Amino acid sequence: MAATTTTLRWRVMAASAALRVALVAYGEWQDAHLEVRYTDVDYLVFSDAAASVAAGGSPFARATYRYSPLLAFLLLPNSLLHPAWGKLIFSAADLLVGLFIDTILRLRGVPEKTRIWSVVAWLFNPFTFTIGTRGNCEPIVCAAVLWVLICLMKGQVLQAAFWYGLIVHFRIYPIIYAVPFVIVLGKNYAGPAGRPILTQWSSKQQLQSDKTSENVEEPTSLLASLWIFLSSLITRNTILFGLFSGSMFFGWTGVFFYLYGWDFLNEALLYHLTRTDPRHNFSIYFYHIYLHHQQGFSSIQKLASFLPQLMVQLALILRFSRDLPFCLFLQTVAFVAFNKVMTAQYFVWFFCLLPLILPWTRMKLRWKGLACMLVWMGSQLHWLMWAYLLEFKGRNVFVQLWVAGLVFLAANTFVMIMVIRHHKYTQLFSVSTKSRSKVAAKKE
Amino acid sequence: MAVRIRPCLLAVAFFAAAWVSGASSVPQQVLFNSCSEKVDNSQKSFNCMPCSRTYVADAYLDALTGQLAQHRDLTEVPETADLCKGLDDDLDVPVLSEVHRQLVGEGSHRRLVYSVKFGNCEDDAVKFLDGYAANLVIIEKLPSGVFADPFELQHFVERKVFLDVAVFGDTNLELPSALSNRSAVEIHFDFKPSTTMDCNLVVELPLHARYPPLDSSGYATVEFGSPDLLLHYRKKDTHPDSCIWVSKNLDAEPVDKAVWRVPCGNGAHAGFVSSLTFISALVCSMSVVLAASLIS
Numbered sequence: 001m002a003a004t005t006t007t008l009r010w011r012v013m014a015a016s017a018a019l020r021v022a023l024v025a026y027g028e029w030q031d032a033h034l035e036v037r038y039t040d041v042d043y044l045v046f047s048d049a050a051a052s053v054a055a056g057g058s059p060f061a062r063a064t065y066r067y068s069p070l071l072a073f074l075l076l077p078n079s080l081l082h083p084a085w086g087k088l089i090f091s092a093a094d095l096l097v098g099l100f101i102d103t104i105l106r107l108r109g110v111p112e113k114t115r116i117w118s119v120v121a122w123l124f125n126p127f128t129f130t131i132g133t134r135g136n137c138e139p140i141v142c143a144a145v146l147w148v149l150i151c152l153m154k155g156q157v158l159q160a161a162f163w164y165g166l167i168v169h170f171r172i173y174p175i176i177y178a179v180p181f182v183i184v185l186g187k188n189y190a191g192p193a194g195r196p197i198l199t200q201w202s203s204k205q206q207l208q209s210d211k212t213s214e215n216v217e218e219p220t221s222l223l224a225s226l227w228i229f230l231s232s233l234i235t236r237n238t239i240l241f242g243l244f245s246g247s248m249f250f251g252w253t254g255v256f257f258y259l260y261g262w263d264f265l266n267e268a269l270l271y272h273l274t275r276t277d278p279r280h281n282f283s284i285y286f287y288h289i290y291l292h293h294q295q296g297f298s299s300i301q302k303l304a305s306f307l308p309q310l311m312v313q314l315a316l317i318l319r320f321s322r323d324l325p326f327c328l329f330l331q332t333v334a335f336v337a338f339n340k341v342m343t344a345q346y347f348v349w350f351f352c353l354l355p356l357i358l359p360w361t362r363m364k365l366r367w368k369g370l371a372c373m374l375v376w377m378g379s380q381l382h383w384l385m386w387a388y389l390l391e392f393k394g395r396n397v398f399v400q401l402w403v404a405g406l407v408f409l410a411a412n413t414f415v416m417i418m419v420i421r422h423h424k425y426t427q428l429f430s431v432s433t434k435s436r437s438k439v440a441a442k443k444e
Numbered sequence: 445m446a447v448r449i450r451p452c453l454l455a456v457a458f459f460a461a462a463w464v465s466g467a468s469s470v471p472q473q474v475l476f477n478s479c480s481e482k483v484d485n486s487q488k489s490f491n492c493m494p495c496s497r498t499y500v501a502d503a504y505l506d507a508l509t510g511q512l513a514q515h516r517d518l519t520e521v522p523e524t525a526d527l528c529k530g531l532d533d534d535l536d537v538p539v540l541s542e543v544h545r546q547l548v549g550e551g552s553h554r555r556l557v558y559s560v561k562f563g564n565c566e567d568d569a570v571k572f573l574d575g576y577a578a579n580l581v582i583i584e585k586l587p588s589g590v591f592a593d594p595f596e597l598q599h600f601v602e603r604k605v606f607l608d609v610a611v612f613g614d615t616n617l618e619l620p621s622a623l624s625n626r627s628a629v630e631i632h633f634d635f636k637p638s639t640t641m642d643c644n645l646v647v648e649l650p651l652h653a654r655y656p657p658l659d660s661s662g663y664a665t666v667e668f669g670s671p672d673l674l675l676h677y678r679k680k681d682t683h684p685d686s687c688i689w690v691s692k693n694l695d696a697e698p699v700d701k702a703v704w705r706v707p708c709g710n711g712a713h714a715g716f717v718s719s720l721t722f723i724s725a726l727v728c729s730m731s732v733v734l735a736a737s738l739i740s
């Protein structure tokens, strides 16, 4: 039985690899023969930047290159070997994400059949296999985030910090995971043997048992519970993680600032933090930004657009951080939905975390799961229709397009609420039995 | 049709004068008309320049933006007379007889299609192309609100649709027009050498609209000015140092007007759009916070 499921897993991996190679090959053909390119414009930007580095220059000589120089270095073989090298690397990272999803679920004791469906939800998701084969670098970021998760699950704090610092330098958005990581590395992280104990998956409802282990003492006041909470965060692991990942981030930033100066800082870092793009995109803020682009933005406006995002992130972290994959997933969906700019490639950021929560959801595909998918995709298609009329037919449909953006935000909110209500909240790291018995003795 | 070529020191002097005085209203034709010869109905002007000078549109752009030009190598050419020497006085240069320009397409991405007809197309032109390497040069000074993607145009050069192309000025692809400056495109289109020369050339230039400034009407109108068409050629065999640029005067038969209507935002919407945006964000975020808090 085990042999057949193992071969099934390898068949799934082989099929997805073949699909991606075929798409890369098809992309090369379409680029050469048709007017509309298969390859994403971003890939051409990376390739040009890499060619500039190969010639001894700066990657930022290429206009609109807004990434870490590491990406240009990674794509150097584009000009030395073959232009499709980058796409193959990204597709390989894509497959790696599938492998990591399998690893994470296996470590948590999810049965093989459920695991394979979860992995398929990533590997054969049309959003994801087109992203890597079109030349988008997001699969690398997803693979790194999942690897950080695996390292944390195995108790390898330093390695987790290394990759986390590196990936935040590469793509800033994973910084939103910093607080949940620190919370999870707090007092109850490591078991008696020094390694964390992972809560195993169970097909039964397990809502209550995990909650009781948390309440050691009755808190006397809000201040006291806040103090207990904060003091639980100061452990050897959290300090190590914080210091090492911080050093990695500033180290890499420092190296590239030394090499490329303010060009690097402005394009790769500051641009993303201060970006106000008036061009139409899924975000609800685009029309507001366009209507005000000639007069600038007041501090109140900037704060007002940041507040909903902050509130949602805080609420999700405080409520769900112990169920780490679930927290990361919801945080990413919320971050993308409430951001000032939203493009289709950002969706991959939470698609890679979705398979990690599927085994813990009470939502069946029929009909609630399907309803979520249809609402989400339907509102997206609705937006795309208005965007097509604006950009390719030249009709003034700004208001309709903006309303479609509001509808898409509502759809994202709906999906988030549905996922929250149907999720079996399970802590990632369980408190060890030794400390549980200590607690029981104390109570007596 | 025989066309005389004269040494054009005057043209050089005009260039220098125009740049030094920073005259932004210098009509483009002045840069080339100084040594004009009246031959049949279309006036033509000539200039001889060292072949190292690949583009001429940068001079136009400085006139557009009214900026003082940087020192160009053109002003340093001392003996233009010598450059033009040695070229046959009776030279049958193909004459551009008809030029049509049309803006084709819908939406924010369209194409300017130039249709150029040559007058003395038959044996004369073929004889000319035997001895001279020639190409058609189109200089389009893009109005504010429209831009050309240099990377896209480079792709055209790689696919050998154009011989060469250059974009001068603001090549930013992302900013709205209120935060951008104008640009100019120079296209070099090769005359395909063949025994039966194509008398009707069609050149397509892909363009993109920027986000226009706000207007209550909901649409911004972008009007294209007159393009400049030149013939650029040099003698094939001897690899001379001089290249000839012959421009066609389009005043007599101006090119068809090209107008682009781009949808733009309405400032009157700012109030309700901003408030509804922030309210929606708040409502959605509170819903998520509530759902997270109420879950048991």
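Read top to bottom, the protein sequences are chains D and S. If you're matching positions, the first sequence starts at 1 in my numbering and goes up one per residue. If you're matching positions, the second sequence starts at 445 in my numbering and goes up one per residue. Where a beta carbon is used, it is the ideal one built from N, C-alpha and C, also for glycine. Here the structure is a predicted model, which is why all the values come from computation and not from measurement.
Practice item. Quick one: which residues of the region 294 to 323 of chain D get their C-beta closer than 8 Å to a C-beta of chain S? List them in chain order. Key: Q294, Q301, A304, S305, L307, P308, Q309, M311, V312, A315, L316, R319 and F320
Practice item. Give me whichever residues DSSP pairs with C492/S in a beta bridge. Key: I688/S
Exercise for review: Could you tell me if A18/D is buried or exposed, where buried requires 16 or more neighbouring beta carbons within 10 angstroms of its beta carbon?
Suggested key: exposed
Review point. R705/S CB to nearest chain D CB: under 8 Å?
Key: yes
Check your understanding: Where do the ends of the alpha helix (DSSP H) carrying E596/S lie?
Key -> P594 to E602
Point to revise | Residue range of the beta strand (DSSP E) that includes K680/S | key: Here K680/S belongs to no beta strand (DSSP E), and DSSP marks it neither H nor E.
Practice item. Please go through the region 260 to 327 of chain D and give each complete alpha helix (DSSP H) segment of 4 or more residues, from N-terminal end onward. Key: 271 to 274, 286 to 292 and 299 to 320
Exercise for review: Could you pull out every residue in the same chain whose Cβ sits closer than 8 Å to the Cβ of Y271/D, ignoring the five residues on either side in sequence?
Suggested key: R66
Review point. In three-state DSSP terms, what is E138/D?
Key: helix
Check your understanding: How would you write the range of the beta strand (DSSP E) that E584/S sits in, first residue to last?
Key -> Y576 to L586
Exercise for review: Pick out the complete beta strand (DSSP E) segments inside the region 689 to 730 of chain S, 3 residues or longer, and give them in chain order.
Suggested key: 703 to 707
**Study point:** Status (buried if at least 16 other CB within 10 Å, exposed otherwise) for R11/D
**Key:** exposed
**Study point:** Counted within 10 angstroms of its Cβ, other Cβ atoms place F429/D as buried (16 or more) or exposed
**Key:** buried
Review point. By Cβ distance below 8 Å, which residues in the same chain neighbour V53/D in space, the five residues on each side in sequence not counted?
Key: P59, P69, A72, F73 and L76
Exercise for review: Could you work out which residues of chain S lie near E391/D, taking near to mean beta carbons separated by less than 7 Å?
Suggested key: G551 and S552
Exercise for review: With V618/S as the anchor, note down where its beta strand (DSSP E) starts and where it stops.
Suggested key: Going by the sequence as given, residue 618/S is Glu instead of Val. From DSSP, E618/S is part of no beta strand (DSSP E); its letter is neither H nor E.
Check your understanding: With 8 Å set as the bound, which would you pick, yes or no: does the beta-carbon of F591/S sit closer than that to a beta-carbon of chain D?
Key -> no
Review point. Any beta-carbon of chain S closer than 8 Å to the one on Y271/D?
Key: no
Check your understanding: Going along the chain, which unbroken runs of the alpha helix (DSSP H) with 4 or more residues stay wholly within the region 161 to 201 of chain D?
Key -> 178 to 184
Practice item. Kindly say whether R108/D, judged by its beta-carbon, lies nearer than 8 Å to any beta-carbon of chain S. Key: no
Check your understanding: Ordered along the chain, which non-local residues of its own chain (more than five positions away) have a Cβ less than 8 Å from that of V733/S?
Key -> none
Review point. Can you pull the DSSP bridge partners for S559/S?
Key: H544/S and V646/S
Exercise for review: Flag Y663/S as yes if its beta-carbon sits less than 8 Å from any beta-carbon of chain D, otherwise no.
Suggested key: yes
Review point. Quick one: which chain S residues come within Cβ less than 8 Å of Y287/D?
Key: G709, H713, V717 and T721
Review point. Using 8 Å as the limit for Cβ to Cβ distance, is M416/D near chain B?
Key: Of the chains in the structure shown, none is chain B; the protein chains are D and S.
**Study point:** Distance CB(E138/D)-CB(V336/D) smaller than 8 Å
**Key:** no
**Study point:** Chain-ordered neighbours of P278/D on chain S, where CB pairs are closer than 7 Å
**Key:** P620 and Y655
Exercise for review: Thinking L726/S and P308/D are a contact (beta carbons under 8 Å), I'd like their distance in whole angstroms, please.
Suggested key: 6 Å
Practice item. With a threshold of 16 other CB atoms inside 10 Å of the CB of T4/D, please say whether the residue is buried or exposed. Key: exposed
Review point. Using the C-alpha atoms, what's the distance from S621/S back to G589/S?
Key: 5 Å
Review point. Is H422/D helix, strand or coil by DSSP?
Key: coil
Check your understanding: Is there at least one Cβ from chain S nearer than 8 Å to F398/D's Cβ?
Key -> yes
Point to revise | Residues of its chain near Q159/D, where Cβ-Cβ distance is below 8 Å and the 5 sequence neighbours each way are ignored | key: C151
Exercise for review: Could you spell out the range, first to last residue, of the alpha helix (DSSP H) harbouring Y800/S?
Suggested key: An answer regarding residue 800/S cannot be provided, because it is not within the stretch 445 to 740 covered by chain S.
**Study point:** Nearest candidate by alpha-carbon position, reference A84/D, set L123/D, W117/D, L44/D and A55/D
**Key:** L44/D
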